[in-house]
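Colleague: The structure under discussion is supplied below as structure tokens; questions concerning it will follow.
Protein chains in written order, with the working numbering: chain V, 457 to 893; chain P, 190 to 430.
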């Protein structure tokens with residue numbers, strides 16, 4: 457019963473939050489004038505069909521030419537082509553409205569502790585923004601200017617979701633999720649529209665990065681088909697992975713975060729719980745989200761050592777994850793929960809988090825990235841929902857205000873949270889359009 | 190998610206869950222975390238694949254109480270499913286592990302695509318499938334049925350990925366066409382130039398203009414422009430007048 461309930465909750469999340477409505481015009485509460493339900497065709501309207509061979513252009517509009525929208529475009533109605541003429545009416549007028557969030561939407565965060573810089577991944581404008589670690593946007597300031605921006609067509613940054621900073625030389629690793637299918641690597645001081653120093657082709661839907669510095673191995677978490685692909689850290693081009701963790705026994709599902717515990721030689725993944733083998737009918741199911749734990753050198757269809765999963769965990773679209781190597785505390789950006797959940801790396805089963813950072817004082821809104829700055833004992837969180845990143849003490853717990861916040865938009869900003877919009881649906885009754893993320 | 194559907198008669202939203210092989214139906218007024226009204230999922234459904242095979246999109250036909258799920262080969266990036274390429278049709282009220290009412294698939298259908306898309310014209314009783322062109326079937330076609338008409342060829346200007354839709358009141362098909370949008374009549378057949386074309390990328394600079402919504406109330410169409418993460422509204426009275 458409970459599993460069913462939580463599965464339904466997961467299913468709900470997959471749409472209730474993925475889809476949100478953009479009000480296109482007026483009458484928000486107007487109820488639709490719907491047709492009567494019917495299991496058979498019904499007459500909707502009677503119209504002349506305009507594209508018959510003997511169709512003629514419509515008569516001129518009764519509205520004065522200087523009072524309609526066409527006057528604004530400097531052109532008039534474009535008549536349809538016809539099969540007989542072989543011509544096409546080409547509409548060249550610009551869009552009359554655009555729904556777009558021009559501010560950054562931050563998907564991930566990392567800190568270069570050697571240079572006291574914070575790197576935020578802008579998934580919306582396809583870029584990386586570098587700030588001073590101690591930047592703190594005043595409440596009345598609209599935003600903080602970054603020190604550097606890496607963005608532009610030469611960078612190959614596209615829908616970036618995972619970031620890693622090399623602790624030795626400051627190299628910036630970025631994984632491109634949907635249209636990119638690659639990891640791009642920039643030198644620490646990169647700026648502007650520049651080519652990456654290195655590009656590594658990765659599987660489609662790569663979402664998270666981690667590096668085992670001791671073994672010089674790069675781990676790429678792949679959403680679906682779920683996989684953790686392990687490459688040489690210096691790999692480039694079409695170099696194949698050294699090994700891959702994937703298969704039904706792994707219980708990987710819709711991977712969105714990975715973390716490495718080099719001290720205990722463990723690999724952690726966050727899983728959203730959408731399961732299926734795309735080659736086998738009926739294998740689809742929706743499970744509770746989870747964290748699964750593997751030996752760091754796991755490969756093939758290896759079962760996890762243990763799993764954290766169940767309603768007590770509060771996980772709700774668990775995204776990026778990071779571990780404090782000194783304490784073994786595992787920090788999880790909990791997107792839909794608007795929280796950061798802190799587990800022990802040794803936890804397993806249906807357990808409550810040891811700590812939860814959540815509430816109106818935290819500034820957290822759809823957090824998707826986390827980073828532990830061990831040197832300065834700080835926890836960084838990037839917010840997908842409001843163009844900001846917050847920093848907390850490593851021992852933060854409950855509804856606490858951040859130590860500092862870097863904002864790239866005014867404080868009351870709520871991001872559109874568009875994450876590559878590919879479809880639309882119109883609700884005529886409410887005069888609203890549905891936009892999936 | 191590459192497509193979904195609003196049902197204005199029953200005020201419901203029908204969406205696909207690509208990675209869990211499911212069709213979910215929600216209240217039209219759904220907001221926040223709310224359970225779906227119905228879930229179609231399981232071995233009897235014959236649903237196979239993921240976002241780039243089956244379950245790229247789903248389309249409701251509220252007039253006839255049906256849900257259309259196109260299934261493709263996959264293989265867009267990575268190996269394909271090895272399964273059939275066609276269209277599964279479910280009862281709108283189907284819930285749980287239910288079999289489709291019918292299936293349109295086979296060599297005569299000409300549906301051969303990694304991610305076919307469908308639109309339903311409930312007025313003229315037609316099903317339009319985008320698969321290397323626009324294939325126009327009787328709405329109730331099943332099995333290995335030939336299309337009534339096929340719009341395909343160099344004069345069409347080509348087709349792109351993303352949704353298609355039918356503005357049934359005027360008998361017009363709107364389809365992505367090489368990063369723009371183009372309009373054909375449901376009666377067009379063969380190598381036919383579109384009636385209208387909006388070269389969206391040329392006008393706005395944005396690529397993957399893959400989503401569409403027709404807004405008769407305002408004589409507009411809205412286009413989802415994926416690569417620039419934005420939604421564009423074009424005034425297009427010609428489509429409605």
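No residue lacks a Cβ here, since even glycine has one placed at the ideal position from N, Cα and C.
Per the contact definition of three or more C-beta pairs closer than 8 angstroms, is the region 533-542 of chain V in contact with the region 595-613 of chain V?
Modeller: Judged by Cβ distances under 8 angstroms, the region 595-613 of chain V makes no contact with the region 533-542 of chain V, as fewer than three pairs qualify.
Colleague: Determine, for residue 576/V, whether the minimum Cβ-Cβ distance to residues of chain P falls below 9 angstroms.
Modeller: Chain P contact via Cβ: absent.
Colleague: Let me confirm a value: residue 695/V is counted as buried when at least 16 other C-beta atoms fall within 10 Å, else exposed. Which label applies?
Modeller: Residue 695/V should be labelled exposed.
Colleague: When you compare only the Cα positions, how much space is there between residue 638/V and residue 615/V?
Modeller: Computed Cα separation, rounded: 11 angstroms.
Colleague: Per DSSP, what kind of secondary structure is residue 888/V in: helix, strand or coil?
Modeller: Residue state, collapsed to three classes: strand.
Colleague: For residue 562/V, does the three-state DSSP call read helix, strand or coil?
Modeller: Residue state, collapsed to three classes: strand.
Colleague: Considering only residues of the same chain and omitting the five flanking positions on each side of residue 570/V, which have a CB-CB separation below 8 angstroms?
Modeller: Answer for residue 570/V: 623, 626, listed in chain order.
Colleague: Pick helix, strand or coil for residue 590/V, following the three-state DSSP scheme.
Modeller: DSSP places residue 590/V in coil when its eight states are reduced to three.
Colleague: Counting only beta-carbon atoms, is residue 349/P nearer than 9 angstroms to chain V?
Modeller: Chain V contact via Cβ: absent.
Colleague: Let me confirm a value: residue 891/V is counted as buried when at least 16 other C-beta atoms fall within 10 Å, else exposed. Which label applies?
Modeller: Buried is the call here.
Colleague: Would you mind stating whether residue 306/P and residue 319/P have Cβ atoms separated by less than 9 angstroms?
Modeller: In this structure, residue 319/P lies closer than 9 angstroms to residue 306/P by Cβ.
Colleague: Within the same chain, show all residues whose beta-carbon is closer than 6 angstroms to that of residue 380/P, passing over the 5 residues directly before and after it, in chain order.
Modeller: Contacts found: 342, 344.
Colleague: Is there a Cβ of chain V sitting closer than 9 angstroms to that of residue 301/P, yes or no?
Modeller: Output row for residue 301/P: interface = no.
Colleague: Can at least three beta-carbon pairs, one atom from the region 806-823 of chain V and one from the region 745-760 of chain V, be found at a separation below 8 angstroms?
Modeller: Judged by Cβ distances under 8 angstroms, the region 806-823 of chain V makes no contact with the region 745-760 of chain V, as fewer than three pairs qualify.
Colleague: Closer than 7 angstroms between beta carbons: that is the criterion. Which residues of the region 680-691 of chain V meet it against chain P?
Modeller: Within the region 680-691 of chain V, the residues whose Cβ lies closer than 7 angstroms to some Cβ of chain P are 680, listed in chain order.
Colleague: Alpha carbon to alpha carbon, what distance is there between residue 226/P and residue 215/P?
Modeller: Looking at the two C-alpha atoms, the distance is approximately 5 angstroms.
Colleague: Could you compute how far the alpha carbon of residue 666/V sits from the alpha carbon of residue 723/V?
Modeller: C-alpha separation (whole angstroms): 9 angstroms.
Colleague: The region 761-792 of chain V: which residues have C-beta closer than 9 angstroms to a C-beta of chain P, in chain order?
Modeller: Those would be 772, 792, in chain order.
Colleague: So which of 689/V, 781/V, 709/V has the shortest CA-CA distance to residue 718/V?
Modeller: Ranking 689/V, 781/V, 709/V by Cα distance to residue 718/V puts 781/V first.
Colleague: Any idea what DSSP makes of residue 203/P, helix, strand or coil?
Modeller: Residue 203/P: strand per DSSP, three-state reduction.
Colleague: For residue 771/V, write down the residues that DSSP places opposite it in a beta bridge.
Modeller: Partner(s): none; residue 771/V has no beta bridge.
Colleague: Hey, how far is the Cα of residue 746/V from the Cα of residue 205/P?
Modeller: In a straight line, the C-alpha of residue 746/V is about 22 angstroms away from that of residue 205/P.
Colleague: So residue 836/V contacts chain P; which residues on that side make the cut at Cβ distance below 7 angstroms?
Modeller: None at all; the shortest Cβ gap to chain P is about 24 angstroms.
Colleague: At least one CB of chain P closer than 9 angstroms to the CB of residue 439/V: is that the case?
Modeller: A question about residue 439/V goes unanswered here, because the residues of chain V that appear run from 457 up to 893.
Colleague: So is residue 259/P in contact with chain V if we call contact Cβ pairs under 9 angstroms?
Modeller: Closer than 9 angstroms: no.
Colleague: Based on Cα-Cα distance, which residue from 284/P, 246/P, 251/P, 300/P lies nearest to residue 272/P?
Modeller: Ranking the options by Cα distance to residue 272/P, first place goes to 300/P.
Colleague: Between the region 732-745 of chain V and the region 231-238 of chain P, can you find at least three pairs of beta-carbon atoms closer than 8 angstroms?
Modeller: Touching, yes, given that three or more Cβ pairs across the two stretches are closer than 8 angstroms.
Colleague: Look at the Cβ atom of residue 367/P, then the Cβ atom of residue 394/P, and state whether they are nearer than 9 angstroms.
Modeller: For residue 367/P and residue 394/P, no; Cβs fall outside 9 angstroms.
Colleague: Taking 9 angstroms as the threshold (C-beta atoms), are residue 854/V and residue 815/V in contact?
Modeller: The answer is yes: Cβ separation under 9 angstroms.
Colleague: Examine chain P for any beta-carbon lying closer than 9 angstroms to the beta-carbon of residue 538/V, and answer yes or no.
Modeller: So yes, residue 538/V belongs to the interface.
Colleague: Using DSSP with H/G/I as helix, E/B as strand and the rest coil, what is residue 312/P?
Modeller: Coil.
Colleague: Just to confirm, is the Cβ distance from residue 693/V to residue 230/P under 9 angstroms?
Modeller: No. Outside cutoff.
Colleague: So, residue 387/P versus residue 400/P, is the Cβ gap smaller than 9 angstroms?
Modeller: Their beta carbons are not under 9 angstroms apart, which means residue 387/P does not touch residue 400/P by this criterion.
Colleague: Which of the residues in the region 306-325 of chain P, read from start to end, lie with their CB under 7 angstroms from any CB of chain V?
Modeller: Per Cβ criterion, the list reads 311, 312, 314.
Colleague: Return the first residue and the last residue of the alpha helix (DSSP H) that residue 300/P is part of.
Modeller: Residue 300/P -> no alpha helix (DSSP H), and no H or E assigned at all.
Colleague: Since residue 381/P sits in a beta bridge, which residues does DSSP pair it with?
Modeller: According to DSSP, which records beta bridges pairwise, residue 381/P is partnered with nothing at all.
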